[in-house]
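Protein chains in written order, with the numbering used here: chain R, 1 to 144; chain S, 1 to 144. Below is one structure, written out as structure tokens; comments come after it.
There are 2 protein chains.
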Amino acid sequence: MSNVNEKFKIGQVARQLEISTRTIRYYEEVGLMGDNRVESGSIRFYSKAEILRLRFILKLKELGITLKEMKKIAVNYELNNQATDRILPQLIDILDSNLKGIEVKIDNLTALRTDINGYRRRIIDLLQQPEMDKSQVVNECPAA
Amino acid sequence: MSNVNEKFKIGQVARQLEISTRTIRYYEEVGLMGDNRVESGSIRFYSKAEILRLRFILKLKELGITLKEMKKIAVNYELNNQATDRILPQLIDILDSNLKGIEVKIDNLTALRTDINGYRRRIIDLLQQPEMDKSQVVNECPAA
DNA sequence: AAAATACTTGACGTTAACGTGAACATACAA
DNA sequence: TTGTATGTTCACGTTAACGTCAAGTATTTT
Numbered sequence: 001m002s003n004v005n006e007k008f009k010i011g012q013v014a015r016q017l018e019i020s021t022r023t024i025r026y027y028e029e030v031g032l033m034g035d036n037r038v039e040s041g042s043i044r045f046y047s048k049a050e051i052l053r054l055r056f057i058l059k060l061k062e063l064g065i066t067l068k069e070m071k072k073i074a075v076n077y078e079l080n081n082q083a084t085d086r087i088l089p090q091l092i093d094i095l096d097s098n099l100k101g102i103e104v105k106i107d108n109l110t111a112l113r114t115d116i117n118g119y120r121r122r123i124i125d126l127l128q129q130p131e132m133d134k135s136q137v138v139n140e141c142p143a144a
Numbered sequence: 001m002s003n004v005n006e007k008f009k010i011g012q013v014a015r016q017l018e019i020s021t022r023t024i025r026y027y028e029e030v031g032l033m034g035d036n037r038v039e040s041g042s043i044r045f046y047s048k049a050e051i052l053r054l055r056f057i058l059k060l061k062e063l064g065i066t067l068k069e070m071k072k073i074a075v076n077y078e079l080n081n082q083a084t085d086r087i088l089p090q091l092i093d094i095l096d097s098n099l100k101g102i103e104v105k106i107d108n109l110t111a112l113r114t115d116i117n118g119y120r121r122r123i124i125d126l127l128q129q130p131e132m133d134k135s136q137v138v139n140e141c142p143a144a
């Protein structure tokens, strides 16, 4: 068997990618992976290309793209007869809107950090002034 | 009825805080709010202090603290006979670990943004060189 | 008092992305 | 051949924080 046509079973692939076999079957289940069971039997075999496809899925996931979004892309990829030129702009759109979401999240988290720090500081101040009545803190709305 | 002892029904409170009545009942259900049903009947009444408590819960939630964590605090608050001195350091601890989580998230998102931008740029480059074979992009693992 | 509005208690539904277990078939090692 | 590792297909479980009925009670308005 030539090296390029080498096939792997699901467990090998899973170990290689450090994911569970369930995950791989799940990706197939939701239509991200196509049926890899060979005619004869029910056992799945994956070529290197298919493993790359899995890697690609994992990468997109890392990039914050949901499986549902990926499916959309995949469907269009088929519909357009694998015309990459039609697909890539779509991917860019998704990446862009994702970038926006990320910016928003970063901003929110940054504000949150400031907020928490302020609240934290107020608590510490209270703890260091033992004569004060601290009971109100619990019912107080910080930075509001 | 003096103003300070004024009681509100759940719907009024909900509108005031812009949350659902279900949410308020849920907070009671998970032990964050104590039973506010008056002896005689089954209708809940909330004093301003209790509305403040709700505000406090909402604020902590904004700060990324889960209801489960709040419950912990609340339980200790009761256990310690409402000794604020024992509770506040605990709150600080939680806020601190939350801050750490936020830092991590910000870092991750920032790296992600860079990553996405890089990938995005590569796609655009490909789209602008019409002679190239773009089919590989889909199976390629960006920045890996 | 009738109608409209608000409150009550269940209790199942929702979302994402798998985890987990059962019960069985297949495959390679000793 | 017998074990043991690995594969298969269901199908229910998980998590958080409520949403959403349904069906009945209470309050308030007209």
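Ideal Cβ placement from N, Cα and C applies to all residues, glycine included. Only a predicted model underlies this, so the values are computations on that prediction, with no experimental measurement involved.
- With respect to glutamate 18 of chain S, lysine 48 of chain S sits apart: the two C-beta atoms are not nearer than 8 Å.
- For lysine 48 of chain S, the enclosing alpha helix (DSSP H) covers residues 48 to 62.
- Among the CB atoms of chain S, none fall inside 8 Å of the CB of leucine 32 of chain R.
- Boundaries for glutamate 6 of chain S: no alpha helix (DSSP H) harbours it, and the DSSP string shows neither H nor E there.
- Counting the other CB atoms within 10 Å of its CB gives valine 104 of chain R a total below 16, which places it among the exposed residues.
- Of the candidates S:Asp115, S:Met33, S:Arg122 and S:Lys100, S:Met33 places its Cα closest to the Cα of arginine 55 of chain S.
- Remark: C-beta atoms of leucine 127 of chain S and leucine 60 of chain R do not approach each other more closely than 8 Å.
- Counting the other Cβ atoms within 10 Å of the Cβ of alanine 74 of chain S gives 16 or more, which makes it buried.
- Judged by DSSP secondary structure, glutamate 28 of chain S falls within the alpha helix (DSSP H) whose first and last residues are 21 to 29.
- By alpha-carbon distance to serine 97 of chain S, the top candidate from R:Lys100, R:Arg120, R:Asn108 and R:Ala111 is R:Arg120.
- Counting the other Cβ atoms within 10 Å of the Cβ of isoleucine 43 of chain S gives fewer than 16, which makes it exposed.
- Residues are counted here when their Cβ sits less than 8 Å from a Cβ of chain S; for the segment 87 to 109 of chain R these are Ile87, Leu88, Pro89, Leu91, Ile92, Leu95, Asp96, Asn98, Leu99, Ile102, Glu103, Lys105, Ile106 and Leu109, given in chain order.
- Sequence-distant partners of valine 30 of chain R (beyond 5 residues in either direction) whose C-beta falls short of 7 Å from its own C-beta, in its chain, are Leu67 and Lys71.
- Pairing threonine 114 of chain R with tyrosine 26 of chain S, the inter-Cα distance amounts to about 29 Å.
- When only Cα atoms are considered, tyrosine 46 of chain S and lysine 9 of chain S end up about 6 Å apart.
- Glycine 118 of chain S is outside the set of residues whose beta carbon lies under 8 Å from a beta carbon in chain R.
- Cβ contact annotation for serine 20 of chain S (same chain, cutoff 7 Å, sequence separation greater than five): Ala14, in chain order.
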